[in-house]
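Before any comments, here is the structure.
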Amino acid sequence: MRKLTTKEEEIMDFFWEKGPLFVKELLTFYDEPRPHFNTVSTIVRILENKGFLSHETFGNTYRYFPAVSEEEFHKETLSNVVSKYFNNSYFNIVSSLVEEEKISLDELKKLIENVQKS
1 MRKLTTKEEE IMDFFWEKGP LFVKELLTFY DEPRPHFNTV STIVRILENK GFLSHETFGN
61 TYRYFPAVSE EEFHKETLSN VVSKYFNNSY FNIVSSLVEE EKISLDELKK LIENVQKS
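Mapping the sequence shown onto my numbering, position 40 (from 1) lands on 40, and the numbers just tick up by one.
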C-alpha cells in the first residue's frame, strides 16, 4: 500500500467518516477559506490512482468511495512503521513504549491479560 500525504489522509478521513461523496460535498467539510475545487479534485484523483478511492458515475460527474478501509490503512501504516523504525519487531516497539514511559507496566500487564483471554 502506498503512503499518503497529510492532505490525502485528511481527505480519506472524510470518506471513511462520511462514506461516498462528490468532490463538491467534500468542500463543505472545510473551514473558510476553503481549498479550491480543482485542488481537492486533483487530490481525489491522486487517491484513486493510488488505489485508495474508487468511483461510480452519475451523469457527467463522479461520486467517490473508499476502496481501502480505515482499518486496513492503519494496519498497513503500523506495519510500515514497525518495519522501518523498529527492525520489524513489535517487541522493540513495546520495549520503546515502556522505556519512554508511554505505557506503564500495569497497562502492559493488563494488555497481556487481555491477549491471554482471547
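Here a beta-carbon is modelled for each residue, glycine too, at the ideal position from N, C-alpha and C.
- By the Cβ test, the stretch 23-36 is not in contact with the stretch 96-103, since fewer than three Cβ pairs between them sit closer than 8 Å.
- If you draw a 10 Å sphere on the C-beta of Val115, you find fewer than 16 other C-beta atoms in it, and that means exposed.
- When C-beta atoms of the stretch 32-47 are compared with those of the stretch 1-19, three or more pairs fall below 8 Å, so the two segments count as touching.
- Taking C-alpha positions only, Thr57 is separated from Glu9 by approximately 23 Å.
- Residue environment: Pro66 is assigned as buried (16 or more neighbouring CB atoms within 10 Å of its CB, all protein chains considered).
- For the pair Phe29 and Phe15, the CB atoms are not nearer than the 7 Å cut-off.
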